[in-house]
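So the protein lines, in turn, are chains S and Z. FYI, the numbering used here numbers position 338 of the first sequence as 339, with every residue one higher than the one before it. FYI, the numbering used here numbers position 264 of the second sequence as 265, with every residue one higher than the one before it. Backbone N, C-alpha and C define an ideal beta-carbon position, used for all residues, glycine too. The structure presented is a predicted model; accordingly, all values stated were derived computationally and were not measured.
Number of protein chains: 2
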Amino acid sequence: MASVNVARQSWIPWASPAARNLRPAGHAHLTHAFFGTLPRLGSVAETLPRSQIRMVMERAWAMERAGRKIFHLEVGQPDLAPPGVALEACKAALDDPVALRYCPNAGERETRQIIADVLQQKTGCPTALENIVVSVGVNGGITLVLSAIFDVDDEILVPDPFWPNVDMAAKLFKARPIRYRLPSSRGFLPNIEELQRLITSRTKALYVCSPSNPTGKVIPQAMMDSLIRMCMDHGIFLISDEIYGDIVFDKNHFTSCLSFPDMTEAAEHVIWLGGVSKAHAMTGFRVGFVRAPQRVVPILEKNQEGLLSCGVPFAQRGAAMALKVDQSFMENTIATYRRRRDLVVDALAEAGLQVPHRLKPDGAFYMLVPCAPAGPDCSEEVALTLLEEKGVACAPGGGFGREAENFLRLSFATSDEDVLEGARRLAHFLLGRDATQWWPSNSS
Amino acid sequence: MASVNVARQSWIPWASPAARNLRPAGHAHLTHAFFGTLPRLGSVAETLPRSQIRMVMERAWAMERAGRKIFHLEVGQPDLAPPGVALEACKAALDDPVALRYCPNAGERETRQIIADVLQQKTGCPTALENIVVSVGVNGGITLVLSAIFDVDDEILVPDPFWPNVDMAAKLFKARPIRYRLPSSRGFLPNIEELQRLITSRTKALYVCSPSNPTGKVIPQAMMDSLIRMCMDHGIFLISDEIYGDIVFDKNHFTSCLSFPDMTEAAEHVIWLGGVSKAHAMTGFRVGFVRAPQRVVPILEKNQEGLLSCGVPFAQRGAAMALKVDQSFMENTIATYRRRRDLVVDALAEAGLQVPHRLKPDGAFYMLVPCAPAGPDCSEEVALTLLEEKGVACAPGGGFGREAENFLRLSFATSDEDVLEGARRLAHFLLGRDATQWWPSNSS
Numbered sequence: 002m003a004s005v006n007v008a009r010q011s012w013i014p015w016a017s018p019a020a021r022n023l024r025p026a027g028h029a030h031l032t033h034a035f036f037g038t039l040p041r042l043g044s045v046a047e048t049l050p051r052s053q054i055r056m057v058m059e060r061a062w063a064m065e066r067a068g069r070k071i072f073h074l075e076v077g078q079p080d081l082a083p084p085g086v087a088l089e090a091c092k093a094a095l096d097d098p099v100a101l102r103y104c105p106n107a108g109e110r111e112t113r114q115i116i117a118d119v120l121q122q123k124t125g126c127p128t129a130l131e132n133i134v135v136s137v138g139v140n141g142g143i144t145l146v147l148s149a150i151f152d153v154d155d156e157i158l159v160p161d162p163f164w165p166n167v168d169m170a171a172k173l174f175k176a177r178p179i180r181y182r183l184p185s186s187r188g189f190l191p192n193i194e195e196l197q198r199l200i201t202s203r204t205k206a207l208y209v210c211s212p213s214n215p216t217g218k219v220i221p222q223a224m225m226d227s228l229i230r231m232c233m234d235h236g237i238f239l240i241s242d243e244i245y246g247d248i249v250f251d252k253n254h255f256t257s258c259l260s261f262p263d264m265t266e267a268a269e270h271v272i273w274l275g276g277v278s279k280a281h282a283m284t285g286f287r288v289g290f291v292r293a294p295q296r297v298v299p300i301l302e303k304n305q306e307g308l309l310s311c312g313v314p315f316a317q318r319g320a321a322m323a324l325k326v327d328q329s330f331m332e333n334t335i336a337t338y339r340r341r342r343d344l345v346v347d348a349l350a351e352a353g354l355q356v357p358h359r360l361k362p363d364g365a366f367y368m369l370v371p372c373a374p375a376g377p378d379c380s381e382e383v384a385l386t387l388l389e390e391k392g393v394a395c396a397p398g399g400g401f402g403r404e405a406e407n408f409l410r411l412s413f414a415t416s417d418e419d420v421l422e423g424a425r426r427l428a429h430f431l432l433g434r435d436a437t438q439w440w441p442s443n444s445s
Numbered sequence: 002m003a004s005v006n007v008a009r010q011s012w013i014p015w016a017s018p019a020a021r022n023l024r025p026a027g028h029a030h031l032t033h034a035f036f037g038t039l040p041r042l043g044s045v046a047e048t049l050p051r052s053q054i055r056m057v058m059e060r061a062w063a064m065e066r067a068g069r070k071i072f073h074l075e076v077g078q079p080d081l082a083p084p085g086v087a088l089e090a091c092k093a094a095l096d097d098p099v100a101l102r103y104c105p106n107a108g109e110r111e112t113r114q115i116i117a118d119v120l121q122q123k124t125g126c127p128t129a130l131e132n133i134v135v136s137v138g139v140n141g142g143i144t145l146v147l148s149a150i151f152d153v154d155d156e157i158l159v160p161d162p163f164w165p166n167v168d169m170a171a172k173l174f175k176a177r178p179i180r181y182r183l184p185s186s187r188g189f190l191p192n193i194e195e196l197q198r199l200i201t202s203r204t205k206a207l208y209v210c211s212p213s214n215p216t217g218k219v220i221p222q223a224m225m226d227s228l229i230r231m232c233m234d235h236g237i238f239l240i241s242d243e244i245y246g247d248i249v250f251d252k253n254h255f256t257s258c259l260s261f262p263d264m265t266e267a268a269e270h271v272i273w274l275g276g277v278s279k280a281h282a283m284t285g286f287r288v289g290f291v292r293a294p295q296r297v298v299p300i301l302e303k304n305q306e307g308l309l310s311c312g313v314p315f316a317q318r319g320a321a322m323a324l325k326v327d328q329s330f331m332e333n334t335i336a337t338y339r340r341r342r343d344l345v346v347d348a349l350a351e352a353g354l355q356v357p358h359r360l361k362p363d364g365a366f367y368m369l370v371p372c373a374p375a376g377p378d379c380s381e382e383v384a385l386t387l388l389e390e391k392g393v394a395c396a397p398g399g400g401f402g403r404e405a406e407n408f409l410r411l412s413f414a415t416s417d418e419d420v421l422e423g424a425r426r427l428a429h430f431l432l433g434r435d436a437t438q439w440w441p442s443n444s445s
């Protein structure tokens, strides 16, 4: 065995001279000769922060196993059932040998065609199957797109607050997520001048998510159009994550990057992401859709080959059928989440905590609730205290970015009863922390 | 719109001055103002070579659509059926709401426990569920592992010849695949001294695949043990891709990195990859297994969260049940591929082309067949000519590395009839190219 390599040792906490002294003497030889040559992991992966949502969720599960009733407002997992037609199509596919084998990197042609047709019908944007790649969930779609656009130290503009996975994936591809502010004072919406100041020669894309996780806010179409024009001016991609696009509480609020007035001009700059995980309650199917310029699709296909080979064809067939559900399914889904949003807002109001209009979600099933006066990040401590004292699990806002450091993210993707009781307990908890002193008003 | 950025233009072939002259005059404005600011893709992704297997496959499909009978010896897609119990378990899971939702990043605990138990029973290596991550196919497992070990410009030693996806994934994570030679003269086996000369301070891992795609060769256990010791000496990981591990033609040939005599010592250095795609004919389920040191598993889980969130729980349940098939299923699978290997070898021998022992596969369902005298890569041209003249689709060896430039990869994962007729046609084709002049002998 090679002699101990001191340079390599430095990263191994338990191989440091101090740590060695803490080990039983009998292990000294093993420590020296064996632990000293432990293979190294990448520093990028090692220093990636762990998910704060998951941290709260795991604590909540442990309390549940110990017999405690927990109100789960921390996870973005719909409690509704997937469309029956999707489950039937998936079962039928399990009887078709073709659907049990590798499918093309970009997904089965029939599935891509259905997605293209539905997308064109919904947004008016001309879309062919050559524009579509089926990914392993939207997360897998993000991974494909980032793998295609990044060289070392390239940059992507990512909202703050936002679900942290885009940052994680960007870093793993050795690129730099640059956060742009969506302050609560602005109703969690971007400002174009601020964005332009962040664009450098290394910027490859602007990432937006509407309706947003974690804010539930919708980017108005006029603002979306301006963002697209800005991306065209700067020669960067607009990556629009519309996985919550079907869950908008006021029908007139529907917006999409694909509803830009002149898509012929914009099409080369816009990458749309969507899927069936949220509105169709099919998170476990791991089927996402990417609509990209036709020159980009072959690169996404090639990278899918290198990273994953392909997705699961029988799950893709279920997802394709889900897109054909009748309107009543989607109306019921929207009504359910709208009702629950109102349950939360009303429960807080009853306790004297009026939710200002700028914080009230327009879609998705999330809401950021102020949990402390302005100050350094305390959302994790507050979330854990809330869980301990009231049995209510919420995600700490700080896990989504600095702009949410004094917020908790509530997910109302669980039963009406649990949403209501969870919101009541939360209100009681906040009042016990002097919420009336620092709770924001409509004018503040 | 911004003025044209010349530096950015250089990468767009059709925006170069020469290309512009080829465009219709009416498009001049569009070319200048619009194409000049097209968003850039990453040069890493753009320059990644396209799969040569896929190129032949797509040509073969086009000929088939035009009515021509094609003998498909190019794809690693088993023609056998998955175990019935796996399909039943997958269908049953579609009736369980839990299996339709996000599962833990590392896979469902029950699935991980089954994998751990089966692996421990088969190899004797103590394995807990905390060692196991369920990935999206072995390819997705490779992606997870590479995402965890690489910083920019880190290196991994990859066999030549080998399936190109590890190179692709390594490059997308901005690392460098360094190929080590497996020359046909050595029966496609590695040489430890050569390997040691390739190890630098940036080397993170040695990748091996046994039985191998594309050679079908098995690394003997004594050599595997030496490779593990070498990795321990140098403080790097041995990543052992054993996706074909169950398909070994002589039972006594079964080898595994987990059968190393002292796994207590080696466990921190060994990452094992396996799954159900090949021996269980379940490629479309996209379920792979990673067995890694317990200190590495949390990093893999975290990266799975960032890159994909998780796999498909109902597919994972099918895969877990597939591991419990009775011995007769696997015996039949092995017998099938052994018989087809013999069909190929015998058909070539009948034509006067004796396959030297060192080229004869020990496992998997691939074989490299010499297709030209030593010289610069001609395998792609030969493969396309063979397809055109004889209707036999084979993968060009050059797509797997320089050591296979004068070979074709035959996959015998299709029917006995097609394997036999394909091999006969191949033999006839080779004789027409003066194979008797350059065909290797057992001593050459």
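- From the DSSP output, read off the bridge partner residues of A396 of chain S. For the purposes of this step, residue 396 of chain S is taken as residue 395 along the first sequence, with counting starting at 1. Looking at the DSSP output, A396 of chain S shares a beta bridge with S:R410.
- Message: At the 8 Å Cβ level, is F290 of chain S part of the contact set with chain Z, yes or no?
- Response: Indexing the first sequence from 1 puts residue 290 of chain S at position 289. With 8 Å as the cut-off, F290 of chain S does not count as an interface residue toward chain Z.
- Tell me the start and end of each unbroken beta strand (DSSP E) in the segment 349-399 of chain S that is at least 3 residues and wholly inside, in chain order. 367-371
- Query: Considering only C-alpha positions, which residue in the set S:A282, S:L196, S:M264, S:L324 is nearest to T337 of chain S?
  - Reply: Here residue 337 of chain S refers to the residue found at position 336 when the first sequence is read from its first residue. Of the listed residues, the one whose Cα sits closest to T337 of chain S is S:A282.
- Message: Under DSSP, the alpha helix (DSSP H) around W62 of chain S begins and ends at which residues?
- Response: For the purposes of this step, residue 62 of chain S is identified with residue 61 of the first sequence, where counting begins at 1. For W62 of chain S, the uninterrupted alpha helix (DSSP H) run begins and ends at 53-66, by DSSP.
- Okay, do the segment 316-332 of chain Z and the segment 364-374 of chain Z touch, 3+ Cβ pairs below 8 Å being the bar? no
- Task: Return the residues of the segment 161-186 of chain Z that lie within a Cβ-Cβ distance of less than 7 Å from chain S, sorted by chain order.
- Result: N166, M169, A170, L173, F174, K175
- Enumerate in chain order the residues of its own chain whose CB-to-CB distance from C104 of chain S is below 6 Å, with the five nearest sequence positions on each side excluded. Residue numbering aside, residue 104 of chain S sits at position 103 when the first sequence is read from its first letter. Answer for C104 of chain S: C311, P314, listed in chain order.
- Message: Here's the rule: buried if 16 or more other CB atoms are within 10 angstroms of the residue's CB, otherwise exposed. What is V99 of chain Z?
- Response: What you label residue 99 of chain Z is simply residue 98 of the second sequence in a count that begins at 1. It counts as exposed.
- Considering L421 of chain S, what are the terminal residues of the alpha helix (DSSP H) in which it resides? The count along the first sequence starts at 1 and reaches residue 421 of chain S at position 420. That run of the alpha helix (DSSP H) goes 417-433.
- Message: Using only the alpha-carbon positions, how far apart do K175 of chain S and V45 of chain Z sit?
- Response: Translated into the one-based positions of the first sequence, residue 175 of chain S becomes position 174. Translated into the one-based positions of the second sequence, residue 45 of chain Z becomes position 44. C-alpha separation (whole angstroms): 12 Å.
- Residue range of the unbroken beta strand (DSSP E) whose run includes S241 of chain Z: Position 240 of the second sequence, counting from 1, holds the residue named residue 241 of chain Z. Here the beta strand (DSSP E) through S241 of chain Z covers 238-242.
- What does Q295 of chain S touch in chain Z if you count any residue whose Cβ is under 9 Å from its own? Reading the first sequence from its first residue, position 294 is the one you call residue 295 of chain S. Near Q295 of chain S there are no residues of chain Z at all, since even the closest Cβ is about 12 Å away, more than 9 Å.
- Message: Is there a C-beta anywhere in chain Z that falls below 8 Å from the one on G138 of chain S?
- Response: Sequence index remark: in the first sequence, residue 138 of chain S carries index 137 (1-based). At a cut-off of 8 Å between beta-carbon atoms, G138 of chain S makes contact with chain Z.
- Query: Below 8 Å, can you find three or more Cβ-Cβ pairs linking the segment 214-229 of chain Z to the segment 135-155 of chain Z?
  - Reply: no
- Whose Cβ in chain Z lies nearer than 8 Å to the Cβ of P83 of chain S? As a position in the first sequence, residue 83 of chain S is number 82, starting the count at 1. Ordered by position in chain Z, the residues that pass the 8 Å Cβ test against P83 of chain S are L101.
- Query: Using DSSP with H/G/I as helix, E/B as strand and the rest coil, what is G275 of chain S?
  - Reply: What you label residue 275 of chain S is simply residue 274 of the first sequence in a count that begins at 1. The answer is strand: DSSP assigns G275 of chain S an E or B state.
- Query: Hey, out of S:I240, S:G353, S:Y245, S:I54, whose CA is closest to A428 of chain S's CA?
  - Reply: The residue given as residue 428 of chain S occupies position 427 in the first sequence. Ranking S:I240, S:G353, S:Y245, S:I54 by Cα distance to A428 of chain S puts S:G353 first.
- Comparing the C-beta of P397 of chain Z with each C-beta of chain S, is any distance below 8 Å? The sequence position of residue 397 of chain Z within the second sequence is 396, counting from 1. No - not a single Cβ of chain S is within 8 Å of the one on P397 of chain Z.
- Under the three-state reduction of DSSP, which class applies to Y338 of chain Z: helix, strand or coil? Counted from its first residue, the second sequence places residue 338 of chain Z at position 337. Helix at Y338 of chain Z.
- Query: What residues from chain Z crowd round C104 of chain S, counting only those whose CB sits closer than 8 Å?
  - Reply: In the first sequence, counting from the first residue as 1, residue 104 of chain S sits at position 103. Result: G285.
- How far does the beta strand (DSSP E) with G289 of chain Z in it reach, from first residue to last? Taking the first residue of the second sequence as 1, we reach residue 289 of chain Z at position 288. Membership of G289 of chain Z in the beta strand (DSSP E) is indicated by the continuous run 289-292.
- Give the secondary structure of S444 of chain S by DSSP, where H, G and I count as helix, E and B as strand, and everything else as coil. Position 443 of the first sequence, counting from 1, holds the residue named residue 444 of chain S. Of the three classes helix, strand and coil, the one that applies to S444 of chain S here is coil, per DSSP.
- Query: What residues from chain Z crowd round H270 of chain S, counting only those whose CB sits closer than 9 Å?
  - Reply: Locating residue 270 of chain S in the first sequence gives position 269, where the first residue counts as 1. Here the neighbours are T38, L39, P40.
- Task: Quick one: grab the DSSP three-state call for P299 of chain S.
- Result: Mapped onto the first sequence, residue 299 of chain S falls at position 298. Here P299 of chain S sits in helix by DSSP.
- Task: Can you say whether T48 of chain S is buried or exposed, counting buried as having 16 or more other CB atoms within 10 angstroms of its CB?
- Result: Translated into positions along the first sequence, residue 48 of chain S becomes position 47. Label assigned to T48 of chain S: exposed.
- Query: Exposed or buried, what is P262 of chain S when buried is set at 16 or more other beta-carbons lying within 10 Å of its beta-carbon?
  - Reply: By 1-based counting over the first sequence, the position of residue 262 of chain S is 261. Exposed, because fewer than 16 other Cβ atoms sit within 10 Å of the Cβ of P262 of chain S.
- Message: Just to confirm the assignment, what range does the alpha helix (DSSP H) spanning C91 of chain S have?
- Response: What you label residue 91 of chain S is simply residue 90 of the first sequence in a count that begins at 1. Per DSSP, C91 of chain S belongs to the alpha helix (DSSP H) from 85-94.
- Query: Should the segment 140-156 of chain Z be called in touch with the segment 298-305 of chain Z, which here means at least 3 C-beta pairs below 8 Å?
  - Reply: yes
- Message: Please list the terminal residues of the continuous alpha helix (DSSP H) segment that includes I248 of chain Z.
- Response: Taking the first residue of the second sequence as position 1, residue 248 of chain Z is located at position 247. Note, I248 of chain Z: premise wrong, no alpha helix (DSSP H); not H, not E.
- Query: In terms of residues, what are the limits of the alpha helix (DSSP H) holding V326 of chain S?
  - Reply: Along the first sequence, one-based indexing puts residue 326 of chain S at 325. Neither: V326 of chain S is in no alpha helix (DSSP H) and is coded neither H nor E.
- Secondary structure of F72 of chain Z, DSSP reduced to three states: Indexing the second sequence from 1 puts residue 72 of chain Z at position 71. In this structure, DSSP gives F72 of chain Z an extended state, which the three-state scheme calls strand.
- Task: For chain Z, find out if any of its Cβ atoms is closer than 8 Å to the Cβ of G307 of chain S; answer yes or no.
- Result: For the purposes of this step, residue 307 of chain S is identified with residue 306 of the first sequence, where counting begins at 1. At least one chain Z Cβ lies under 8 Å of G307 of chain S.
- Message: Am I right that L274 of chain S and S241 of chain S are in contact with their C-beta atoms under 8 Å? What's the rounded C-beta distance?
- Response: Numbered from its first residue, the first sequence carries residue 274 of chain S at position 273. Numbered from its first residue, the first sequence carries residue 241 of chain S at position 240. Yes, they are in contact, since the Cβ atoms of L274 of chain S and S241 of chain S sit about 7 Å apart, within 8 Å.
- Output yes if chain Z places a C-beta closer than 8 Å to the C-beta of Q78 of chain S; else output no. Start at 1 with the first residue of the first sequence, and residue 78 of chain S comes out as number 77. Closer than 8 Å: yes.
- Item | Backbone secondary structure at D234 of chain Z - three-state DSSP | The residue given as residue 234 of chain Z occupies position 233 in the second sequence. Three-state result, D234 of chain Z: helix.
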